[in-house]
Each structure stands twice: as structure tokens, then as C-alpha cells.
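Q:
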Amino acid sequence: MIEQLGNGLLLGIIISVASVALSLLYGVTRIVNFAHGEIIALGAIATLFLSSPVDSRVIFLDRFSPLGNNFYISVFISVILCGLFGGILEFFLFRPLRKAEVGNIAVLVVTIGLSLFLRHIYLLFNAKPQNFPLELQRRETYIFFDMTPRNFRVLILGIFVMVLIGLFLNYTRMGKAMRAVRDSNDLASVSGINSDNIILFTWISSSMLAGLAGVFQATINDVRYNMGFLILLLIFAGTVLGGIGTSFGAMVGGFIIGIVVNVSVGLPFMEGHTEAKNAVALAIMILILLFRPQGIFGEKERVS
Amino acid sequence: MSNKYLKVTNLKKSFGGLKAVDVQSLNLNTNELTSIIGPNGAGKTTFFDLISGFQDSDEGKVYLNDKNITRSQPYSIARLGMIRTFQLTKVFDRMTVLENMMFSASTVNNDSFIRSLIRLPSQKTTEKNIKEKSFEIMKDLNIDHMANSYARELSGGQKKLLELGRSIINDPDILLLDEPLAGVNPKLAEEILQIILNLSEKGISILMVEHNIEAVMKISQRVIVLAEGMVIADDTPENVRSDEKVIEAYLGSENE
Amino acid sequence: MKITFKSSLTILITIFSIFLVFLLNDEGEIPILFNLLTFAGIYGLAAIGLNVHFGLTGLLNFGHAAFMGLGAYVTVLLIPHAAGREGVVITTGLPFFLALLIGIISAALFGLLLGLPAIRLRGDYLAIVTIAAAEIFRLLVRDLESVTGGVYGIINFSNSLQQYRSGFIDNFASANDLNPSQIWIAFLSWTSIILVLLLLRRLTNSPWGRALRAVREDEDAVRALGKNAVWLKLQSFMLGAGIAGLSGVFLAFNYGTIQVSTFVPILTFYVWAIMILGGVGSLTGPIFGSIIFWVIISETNGIAQLIFENANGQQIAGVRFVLVGLLIMLLMIFRPSGLMGKKEELLLDVK
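Taken in order, these protein sequences are the chains called A, B and C. All you need for the numbering used here is the position in the first sequence, starting with 1, plus 1. All you need for the numbering used here is the position in the second sequence, starting with 1, plus 18. All you need for the numbering used here is the position in the third sequence, starting with 1, plus 23.
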């Protein structure tokens with residue numbers, strides 16, 4: 002059980018960070034971004050690409066040499082790249098759609114198409130699961146949990162990042178502006194906030210966070226073309242559980258989902274069915290949407 | 019006294035600490051044309067939502083014809099004879115005006131899956147009758163020339179008329195009109211007002227929320243004033259007009 | 024279907040895309056064409072079901088694969104079959120058409136089960152819930168290994184349907200060097216399409232169809248006029264689910280095996296792409312969308328070879344999915360009404 006709890010914390014930090022990213026984006030733009038998983042994957046893939054030779058079978062990239070060998074610089078650059086990517090998506094895709102007053106459903110379907118598109122571009126570049134070029138470590142004990150020192154550092158870093166975000170949202174001007182746009186777009190624009198800039202900033206920061214979540218995931222597990230897609234539903238679950246529209250809720254919800262997924266393996270009715278561990282978390286999400294759609298911390302938003 | 023009336027007791031609704039509606043008692047009699055007025059944010063539309071089933075009250079009871087409808091579904095309440103319109107006109111944009119009307123006129127049984135699948139000749143007759151009835155009402159409301167246009171092509175005022183037409187085609191007992199004159203040009207407003215009067219004379223009880231005080235005073239038999247969720251006056255138009263509390267409520271809100 | 028500019032153009036494009044099959048292939052065009060048409064029939068039927076959900080009623084269902092899967096599994100489990108590596112082998116069962124009927128009804132009931140709680144949810148949340156439900160379905164089916172064969176699937180069931188194959192199918196197949204089993208499936212699925220479309224045409228132009236369209240427009244108004252919007256949506260959900268179940272059965276019989284890995288999100292996305300391409304809300308749209316879509320898919324082989332030397336299966340699939348994703352995006356951005364959809368009837372807003 003303790004072991005599962007440890008794994009749960011690790012999965013939890015990945016989902017937490019990713020959920021906060023998704024929640025921020027949804028809060029400000031009202032877009033459910035199904036391509037979120039692909040931005041997460043991008044963080045991992047870019048880091049991999051930058052920090053080690055990539056075994057790529059795409060002809061024209063065959064002989065590409067890596068940009069640098071320092072892992073942490075690669076992480077840093079790839080997170081920035083993700084932010085850039087998010088900014089590009091907003092500027093060239095979602096902003097024109099918004100200006101053309103394209104409805105939410107259409108945008109949602111566009112993100113689904115985008116997700117499919119990106120994920121398989123990654124596949125074409127990088128078919129097999131790969132690991133970051135980091136040396137193998139042995140597990141050590143931290144309080145109750147056994148995990149590698151690196152994973153422990155990921156956990157701590159993740160928590161630190163989230164605290165930073167919380168502070169940012171509550172105490173900086175930009176953070177407050179984001180919350181204002183989230184709570185009411187009309188009111189915000191009336192009080193002189195330029196929502197276009199806020200939205201752009203949100204896309205960039207959300208994507209950076211997502212990329213970081215991807216780096217975490219790849220550190221703890223590995224790099225796969227569909228790594229984002231695999232946890233996308235869990236991220237939705239975390240966001241819904243914690244409360245749509247609250248970042249704190251997303252943080253907590255993400256952790257709970259991560260723990261639930263791993264701990265559910267130990268539940269009696271799950272014996273012999275461990276492959277279906279995601280199912281429990283998903284079922285919880287559906288139940289929440291039906292019976293307490295505002296999640297744990299959210300305010301009642303129109304869900305039906 | 020006949021049973022056709024609406025009775026509201028102790029109806030309360032708050033949103034996160036803010037009291038939206040707090041109506042101790044309100045009774046609607048048959049055949050009355052009653053208006054609800056009040057400054058913005060007084061809780062008028064919320065009150066409508068509460069009695070028509072679109073929102074749940076925190077406390078209180080609503081009775082229609084002695085039947086407890088407090089927790090009833092909106093469609094049940096409508097089937098019991100109380101039909102409401104909406105502040106933001108809700109017409110079926112991508113259906114024609116005629117289809118809008120025929121939808122309303124068609125009964126739930128007529129709409130059924132099985133019946134639509136099997137298509138007995140009796141359904142053809144029913145559809146024909148519905149069509150005729152729809153045209154009748156559309157002619158009365160002067161929108162019959164738009165019968166085959168998509169509803170979204172109508173002007174704001176015509177949409178209000180369509181919504182009205184849909185609401186009356188089944189001879190409701192009580193009509194709840196939420197700002198029937200909002201955003202309508204004065205000439206059309208006159209027409210709508212006259213239509214409302216005619217409906218009232220035909221025997222439909224009408225409860226109307228309106229901001230247009232002149233119109234309200236002109237046709238209402240009874241005026242209820244809501245301020246901050248509570249009833250502060252409930253009397254004839256003349257008495258309400260000179261009621262101090264009412265004047266204060268409106269003046270107060272003007273100063274904000 | 025009326026002969027309008029739009030429908031003529033669509034037919035022309037469809038014919039042209041079929042022509043492309045002959046153009047782009049040096050040999051074996053007929054088998055390729057019929058293979059394509061078989062899949063087009065199966066997926067077209069699925070898209071027709073999805074169109075009932077989204078086109079007619081405005082429901083964002085992204086779990087369509089689960090309805091297809093349920094129809095398939097229930098039907099197959101009721102006829103003679105062999106499950107998985109060490110699963111059960113059943114040698115007797117119900118007559119095929121009875122099993123099929125039960126399968127379709129089961130899919131519809133699954134629609135009811137899922138819909139009862141979920142149908143009240145707003146558009147984007149319904150999308151998430153349907154995806155989650157489909158995933159739960161997939162996980163459960165995969166886990167019930169002894170019954171469903173788990174990841175190994177179920178085999179040895181085709182005969183129940185193929186035994187009814189008529190002589191003229193066999194003759195036609197051998198005359199053209201085709202697989203008679205597949206032609207039989209193609210024949211059945213296209214016949215089903217025609218029957219289902221006739222049914223739907225009757226329904227959409229009826230009071231029931233009118234009520235559903237009203238629900239699509241404005242549920243609150245529907246309620247205020249005395250009709251139960253939720254129940255209407257449920258009925259539509261069940262109908263579309265049943266149609267999907269039927270298509271799932273054909274899909275399984277086309278492969279001759281049924282595996283849970285067939286009924287994954289990709290399948291749902293394919294059906295969505297076909298529906299959008301054909302034209303949301305158009306009765307016949309899915310037919311054309313499906314044919315053109317499958318021409319594109321079957322020619323991706325060639326495109327993949329252009330990009331990669333000796334493209335392997337995974338790369339071909341990758342190119343395929345990249346194209347589908349791109350297609351979905353471009354359609355929604357530039358031509359959301361697809362081929363046959365009516366621009367005035369586009370529903371693109373979450374209410």
C-alpha cells in the first residue's frame with residue numbers, strides 16, 4: 002500500500018501540474034483543449050531531442066546532432082519552447098477562430114483534430130519509447146515512501162512550482178487579471194483589461210506548465226509519442242474533481258486522482274483486473290460531474 | 019372561487035449569501051392582468067424562474083390550481099397550463115416560423131417516436147389541424163407572411179410575437195411574460211400590448227414582468243412591486259404609482 | 024435527396040475520388056475498391072448514427088466506438104464463437120439475426136444507461152464523459168478475458184452470418200477475383216444504410232424529428248412549452264447508439280475477429296471525420312463522406328511511401344492519422360458544413 006502511495010504521489014504531481022495548466026487555460030479561454038496532452042508530450046520530446054541524439058527514421062533528420070548535452074538546460078529550453086508553441090497556437094489558430102466568433106463546439110473539435118495530428122507527427126519522428134539520458138538510480142526512503150532521489154526531487158520541484166503559481170495568481174497584477182478574466186470576461190474588458198493579451202499570456206504559461214509536466218512524466222516513466230494522450234482523461238478527472246475554474250482545486254484534484262489510480266490496484270474488486278486501474282478514476286470523474294459538478298473546491302458553474 | 023390560481027408562500031432564494039427572492043405571500047387570481055415591476059436586480063426574473071420550475075427555491079411553496087408545483091419540472095408545470103416566455107427571446111432559430119408554431123401546437127403524444135415511425139393517416143389529419151391552428155395564430159399576430167422563413171431572420175419584435183404565439187397556441191391558463199416589450203419599437207409595443215389585453219379578456223391570467231412603466235400602468239389591473247427580492251407594494255396601478263415606498267425604491271436605485 | 028448544385032458537386036467529387044483509386048493504382052484496383060467500399064459502408068452507417076446524435080440533436084458524443092463495440096460483442100457472444108487464447112468455446116447459439124437484434128437493442132440500452140445521467144451535461148462536459156465512458160468500456164471488456172478473449176479477441180464466429188450468403192454474391196465475387204465473405208458484408212452494410220436512411224428520413228420529417236430539432240435549438244424553450252427535453256434527447260441517443268451497434272457488428276464480421284483494440288478513440292475520431300466531411304445534419308452526407316474518406320485513407324499508403332523509404336505499418340498508420348487529424352481541423356475551420364451540410368443549420372455553440 003505504501004508503495005502504491007508513493008507511486009500515487011508521483012503520478013499525482015504529474016497530473017497536478019498538468020491539471021493546473023489545463024484549468025488555467027480553460028478558466029480564461031473556456032476552451033477544453035484536447036491537444037493538451039500533446040503539449041505535455043512536447044515538453045518531454047523536446048527535452049529528449051535536445052539532450053541526446055535522437056534515433057529518428059525520418060529521412061531528412063537522420064543526421065541531426067543534438068544542441069547541447071546538459072540535461073537541465075535542455076529542460077529549460079524545452080519548457081520555453083512549449084510556451085512558444087502555445088503562444089503560436091493562440092496567435093495563429095485560436096485567436097483568429099475567436100475573432101471569427103467560431104463556437105465552442107467547433108473549437109473543441111478543432112483541438113481534437115489537432116491532438117490527433119500532433120500526436121502522430123510525434124509518432125513519425127519517434128516511434129519507440131525512450132528514456133531521458135540520465136543514469137539509473139536506486140530507490141531510497143523518504144519519510145514513508147520509496148522512490149529514486151530524482152523522482153523525489155521532481156515531486157518537491159513540482160510542489161514548489163505549484164506554490165509559486167498560487168502566489169502568482171493571488172498576488173501579482175497579471176495573476177489577478179487572469180482571475181478577473183476567468184470570473185467574468187465582460188466585466189474584465191470593461192475595467193480596462195486587455196483580454197487578448199491575458200489570453201496569450203495564459204496560453205504561454207499554461208503550455209510551459211504542460212511542458213514541465215511532460216518532463217516530469219518522462220523522468221518518472223519514459224518518453225512516448227502518446228504519453229500525453231494516455232493521461233489526458235486522468236487530467237480531466239483531476240480538474241473536474243478539484244473543481245473546474247479553480248487552480249487550487251486542480252492541484253488537489255490531480256494529486257487525488259494520481260493516488261486513486263495507484264491505490265485502486267489494491268482494492269478488493271480490482272483483483273486480477275489491475276489493468277483497469279484508470280477505470281476507477283474515470284468513474285469517479287463521471288460521478289462527480291453528475292452529482293457534484295463543481296468538484297471539491299469549485300463554485301457552481303453551469304455544467305448542464 | 020374557481021381553482022384557477024397561483025399561490026406562492028414564503029418563497030426564498032439566495033445566491034451565496036445574497037438574497038435574491040424573499041416573497042412571503044403572493045396570490046394570482048384568475049383573469050387578472052398583473053404586472054411585476056421593480057428596479058434592476060430586484061429578483062423579478064429569478065421569481066419567474068422559481069415559480070416556473072427553472073430554478074429551485076431554498077424555501078417555500080408554490081401551488082398551481084391547488085397542486086404543489088414547488089419542485090416540479092418546468093415541462094410538467096407547462097403542461098398544467100402555466101407557460102412562460104423569456105427575457106432573451108428564445109425562438110428556434112434554425113427552424114421556420116411555421117415549424118416553431120407547429121412544434122408548440124403538437125402534443126407530446128403526437129410527437130412520439132412510435133407514432134412518427136408508423137404514420138397512421140390520423141397523424142396526417144392532426145398535422146393538418148396543427149398547421150391550420152398555427153396559421154390562425156400567426157395571422158392574428160401578423161407574422162403569417164414570415165411563415166416559411168427561418169426564425170432567426172425575424173426582427174426583434176417579430177421574435178417576441180413568435181414567442182408569444184408559441185405560448186398561447188395551447189390555450190394556457192396562466193401566461194408568465196418576461197419583459198414582452200423589451201427592445202421593441204414603440205409602434206410594435208402598442209400592438210403587443212393590445213394583444214396582451216385581448217388575451218386577458220379571453221380569460222387567460224397574465225403575470226407580466228416589465229420595465230416599461232407606462233405600458234404597465236396602462237393595461238394592468240394589479241401591480242406588484244419587487245425590490246431586493248421582496249414585495250413592497252401590491253395594489254392597483256394608481257395606488258402603486260403614489261406609494262412612497264415604491265418611489266423611494268426607484269429613486270434610490272436611480273441614484274446609484 | 025434533391026438534385027441541387029451541392030448534391031451534384033458532392034456526387035461528382037465522390038465519383039472522382041473513386042476514379043482516383045484506378046488512377047493511383049497499377050493493379051488490383053477492383054479488390055482495393057471493394058475493400059474500400061466495404062469499410063465505407065460500415066463506417067458510413069456508424070456516421071449516420073453519430074449524425075443522429077450531433078446533427079439532429081446537437082449531442083457531443085465522443086464515445087461512439089463503445090456503442091459499436093457493445094453491439095458487436097453482444098451479437099458475437101450470442102452465436103457460436105471461440106474466445107481468446109484460453110477462453111470459452113461456444114458451439115451453439117442463437118440464430119444470427121436474433122443475436123443481431125439483441126445486439127442492436129443492447130447498444131441502444133447502453134445509450135440509455137449512459138444517457139440517463141449524462142445527457143443533462145453541457146456540450147463540452149458530455150464530450151469528456153462519453154470519452155471516459157468509452158474508455159471504461161474498453162478497459163472492462165479487455166479485462167473480462169475469459170468471456171471476451173481480452174486482448175486476444177474472439178474468433179470463429181463468421182460462419183453464423185456467412186452461411187446466409189446468397190449465390191449471386193459468390194458468383195459476383197469469383198467473377199471479379201474478390202473475397203465473397205467481404206462482399207457479403209459490403210452488401211449487407213450498404214443495404215442497411217439504405218434502410219436506415221429511409222427510416223431516418225421518415226423520422227426527421229415527422230413531429231418527433233421536429234421536436235428533436237427544437238431541443239437542439241433551445242432546450243429551455245422546449246421545456247417551457249411542456250415537452251420533456253431530456254427524454255427526447257435520450258430517445259435520440261438510443262437511436263444513434265443502436266445504429267452504431269449495427270455498424271459495429273458489420274465491422275467485426277468484416278474482420279472475422281473481434282478485438283477490443285478495434286473499439287478505441289481513433290475509431291470514434293474516424294467516424295467524426297466522416298460525419299463532418301459528409302456534412303453534419305445531412306441524411307446522405309455520411310455516405311459520400313465515408314467513400315471519399317476511405318479513398319483518402321487507402322491512398323495514404325502511397326503518401327507514406329513518399330515520405331519514408333520502406334514505410335512500415337506503424338508509419339503508414341501514423342501518416343494516416345496525421346491526415347485524419349488535419350482533415351478534421353481544416354474542415355472545422357474552413358468548411359464546417361462539409362459537403363452536404365447546410366450552412367444555415369450549423370450548430371457550433373455550446374448553449
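A virtual CB, placed ideally from N, CA and C, is assigned to each residue, including glycine. For clarity, every value in this text was computed on a predicted model and none was experimentally measured.
Any beta carbon of chain C sitting closer than 8 Å to that of E256 (chain B)?
A: It does not: the Cβ of E256 (chain B) has no partner Cβ on chain C nearer than 8 Å.
Q: By the 7 Å beta-carbon criterion, what residues does the segment 119 to 150 of chain C contribute toward chain A?
A: P140, R143, L144, R145, G146, D147, Y148 and A150
Q: Which of helix, strand or coil does DSSP assign to S20 (chain A)?
A: helix
Q: So which residues on chain B does W384 (chain C) lean against when the C-beta distance must stay under 9 Å?
A: Given a span of 24 to 374 for chain C in the structure shown, any question on residue 384 (chain C) remains unanswerable.
Q: To the nearest angstrom, report how far apart M164 (chain B) and N228 (chain C) are at their CA atoms.
A: Straight-line spacing of the CA atoms in M164 (chain B) and N228 (chain C) works out to 20 Å.
Q: Using a cut-off of 7 Å between C-beta atoms, extract the partners of S183 (chain C) located in chain F.
A: Among the protein chains of the structure shown, namely A, B and C, there is no chain F.
Q: Starting from E242 (chain C), trace the alpha helix (DSSP H) in both directions and tell me its first and last residue.
A: E242 to A247
Q: Between which two residues does the alpha helix (DSSP H) harbouring S185 (chain A) extend?
A: Neither: S185 (chain A) is in no alpha helix (DSSP H) and is coded neither H nor E.
Q: Are E22 (chain C) and R112 (chain B) close, meaning C-beta to C-beta below 8 Å?
A: Nothing about residue 22 (chain C) can be reported from this structure: the residues present for chain C run from 24 to 374 only.
Q: Please specify which runs of the alpha helix (DSSP H), each continuous and at least 4 residues long, are wholly inside the segment 141 to 185 of chain C, giving them in chain order.
A: 146 to 166, 168 to 171 and 182 to 185
Q: V261 (chain A) and F298 (chain A) - do their beta-carbons sit closer together than 8 Å?
A: no
Q: Please report whether the beta-carbon of I89 (chain A) lies at a distance below 8 Å from any beta-carbon of chain C.
A: no
Q: Straight-line CA distance for G134 (chain C) to F260 (chain C)?
A: 6 Å
Q: Within the 8 Å Cβ cut-off, does N251 (chain C) reach chain B?
A: yes
Q: What residues are listed by DSSP as bridge partners for E77 (chain B)?
A: The partner list for E77 (chain B) (beta bridge, DSSP) reads B:K30.
Q: Give the C-beta separation of I289 (chain C) and F316 (chain C) to the nearest angstrom, bearing in mind that I take them to be a contact with Cβ-Cβ under 8 Å.
A: Contact between I289 (chain C) and F316 (chain C) does not hold, since their C-beta atoms are separated by about 13 Å, which reaches or exceeds 8 Å.
Q: Could you name the residues of chain A that E158 (chain C) contacts, counting a contact when the two beta carbons are closer than 9 Å?
A: Here the neighbours are L234, N279, A280 and L283.
Q: Please report the distance separating the alpha-carbon of S270 (chain C) from that of H87 (chain C).
A: 11 Å
Q: How should F42 (chain C) be labelled, buried or exposed, when 16 other C-beta atoms within 10 angstroms of its C-beta is the threshold for buried?
A: Exposed, by the Cβ-count rule.
Q: Would you list the one or two residues that DSSP bridges to Q131 (chain A)?
A: Per DSSP, A:V224.
Q: Have a look at F61 (chain A) and Q328 (chain C) and give me their C-alpha separation to the nearest angstrom.
A: Its pLDDT being 35, under 50, F61 (chain A) is placed unreliably in this model, and the coordinates cannot settle the point.
Q: Using a Cβ-Cβ cutoff of less than 7 Å, which residues in the same chain neighbour N199 (chain C) once the five nearest sequence positions on both sides are dropped?
A: The residues are I53.
Q: Looking at chain C, which residues of the segment 78 to 92 of chain B have a Cβ within less than 9 Å of any of its Cβ atoms?
A: Q91 and P92
Q: Any contact of the segment 277 to 285 of chain C with the segment 134 to 154 of chain C, i.e. 3+ C-beta pairs under 8 Å?
A: Result no; under three Cβ-Cβ pairs closer than 8 Å.
Q: In the DSSP output, what is D196 (chain B) paired with across the bridge?
A: B:V227
Q: Just how far apart, CA to CA, sit D49 (chain C) and I55 (chain C)?
A: Their backbone Cα atoms lie some 11 Å apart in a straight line.
Q: If we count the other Cβ atoms within 10 Å of its Cβ and call it buried at 16 or more, is I258 (chain A) buried or exposed?
A: buried
Q: To the nearest angstrom, report how far apart N194 (chain C) and A282 (chain A) are at their CA atoms.
A: 53 Å
Q: With 16 as the cutoff for other CB atoms within 10 Å, does K220 (chain B) come out buried or exposed?
A: exposed
Q: Taking its Cβ as the centre, do 16 or more other Cβ atoms sit within 10 Å of T214 (chain C), making it buried, or is it exposed?
A: exposed
Q: Taking buried to mean at least 16 other C-beta atoms within 10 Å of its own C-beta, is D63 (chain A) buried or exposed?
A: Low confidence applies to D63 (chain A): its pLDDT is 37, below 50, so where it sits in the model is not reliable, and the reading given next is rough at best. Exposed, since its Cβ has fewer than 16 Cβ neighbours within 10 Å.
Q: Please list, in chain order, the residues of the segment 52 to 73 of chain C that have any C-beta partner in chain B closer than 7 Å.
A: none
Q: Please classify Y172 (chain A) as buried or exposed, where buried requires at least 16 neighbouring CB atoms within 10 angstroms.
A: With fewer than 16 Cβ atoms within 10 Å of its Cβ, Y172 (chain A) is classed as exposed.
Q: Could you list which residues in chain B have their beta carbon closer than 7 Å to that of V224 (chain C), in chain order?
A: It is Arg, not Val, that sits at residue 224 (chain C) in the sequence shown. By Cβ distance, chain B contributes nothing, its closest Cβ being about 12 Å from R224 (chain C), past 7 Å.
Q: Run down chain B in chain order and give the residues with a C-beta less than 8 Å from the C-beta of R108 (chain C).
A: What R108 (chain C) touches in chain B: nothing, since even the nearest Cβ is about 43 Å away.
Q: Go to I54 (chain B), then tell me how far its beta strand (DSSP E) extends in each direction, as first and last residue.
A: L51 to I55
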